[in-house]
Every structure is written in structure tokens, then in C-alpha cells.
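These notes are about the structure you will find just below.
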Amino acid sequence: MFDRPPTPPILRIPGHFGDIMSRRDTSLSLPDGFSGFERILLTANGNLQRLISAYFNKTVSVKILENVQVPLKEDEDPSVIARFQREVNLLCNDKIVCNAKSQVLIKDQEVFDLVVEKGVGIGQIFRYLDKLPSFELHGLGRTEKTFWREYSLKISGVDCRLLEVLPSSLFDENWLEKEPEEISWDVDAKESDQLTWINPDQQSRS
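Under the working numbering, read the sequence shown as residues 10 to 215, first letter to last.
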């Protein structure tokens, strides 16, 4: 869904890695190269803001960069009523702790009416409906300056595909006091030779 070519080295997520929230066991194996705190964020079921806030013991706010309805694709699934595109930064002490891009597909008329007629924010749909979405991790990796994940959150009538990029130095001592850096996939794309892909055969799914 997010336009970027896979770059070696290519690794794979274990085949059982899917909806972690519906499993009774809690055994998850991520590839080497990530710290314990990073693994917690990479497997978070859409609650990244709360986890980062708890780690720093500070407020993490959301700055909306883009939140628009976009045209349906020519080959769009007939069940899709509308497609929304969204980009936000999560901020702590005015520093970007995460840049998140998402594509949200609405397949339910009542949900569409909530967004368009009642003004419920795209980012608040799951909470407003009081439904826990299923979670599927499609890919993750890191560059010299960042680590990232691409994943899906789904409930009946709503499919959300997200790409989140976080600074590799996030858990360094006194990180909040250091000079801020721009964090986004567009910045990472300039350093494509450093990207690590995991389970790239799932990247074409919309």
C-alpha cells in the first residue's frame, strides 16, 4: 500500500505472526536487531501514544498533518464506500516521537455517516465504536536513524493500514533534551540502501 521498493537484506516474520490480540498464548518472536522497548512498540495494537507517554511519563500529543478523503482506486474492492488518507506526528516535549501514515477503508454506511455527518475523526473510530481491532504486522525494519513497522487494524466495516516511523535513538538517555530531528518515511527513502525488509510478500496487500 505504501510505495517503496523492497531492499536487501530480506528477512521473514514467522508464519504464525498475525492477530496477536486474539491468541491465548503470549509468545512472539521478532527478528534480532531490536531492543526490548522497541519490540514492545513494534507489536503494540494501535496504542503507541499511550505506551510512549507512559515511558517518558509525559503527555504525548497528536499533530494532524493530513486527514482527507481520497478517490477510490480503479480496482477498488466493491465493498469499499470511501478511502481516507491520514498522516500525523506524535509529539512529546515538542519532539517527534513517531510519524504515522495511514489509509483507512470504510465498508460500512453507518461508519461512513459517523465520519462524514457526525464528524467522528478517522483516528477515533475504534474508540468511538468501542471495538478492539484485530492486528496484523506486515513488515518492520530499521535504518541508521529510524525503525519502522507497517501493520493493519481491522474491525467489521473498517480496514486501516498504517506505516509508523520512529527514531532509533528514542530510548537513549536524555533523548527528550536533544536537538529534534525530522522523522518520516520520506526522509528514510533517501537512505534506501539501509532499509531492512521483513515479510515483503505482504506489502502489496491493500
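Heads up, the beta-carbon is just placed ideally off N, CA and C, and yes, glycines get one too.
By DSSP's assignment, N108 forms a beta bridge with N98, V174. Here DSSP, grouped into helix, strand and coil, assigns I90 to coil. The criterion of a C-beta distance shorter than 8 angstroms is not satisfied by L162 and A109. Uninterrupted alpha helix (DSSP H) stretches at least 4 residues long and entirely within the stretch 112 to 152 occur at 118 to 125, 134 to 138, given in chain order. Distance from the CA of V174 to the CA of K154, rounded to the nearest whole angstrom, comes to 10 angstroms.
When the Cα atoms are used, L123 and V129 turn out to be separated by approximately 6 angstroms.
Residue pairing by DSSP places Q78 opposite F93 in a beta bridge. The three-state secondary structure of I192, taken from DSSP, is coil. The straight-line gap separating the alpha-carbon atoms of S143 and N76 is approximately 23 angstroms. The three-state reading of DSSP puts S161 in strand, counting E and B together. Residue pairing for D168: DSSP places it in a beta bridge opposite L114, K163. K72 has N98 as its beta-bridge partners, per DSSP. Only residues of its own chain outside the window of five on either side were considered, and among them I164 have a CB closer than 6 angstroms to the CB of K140, listed in chain order.
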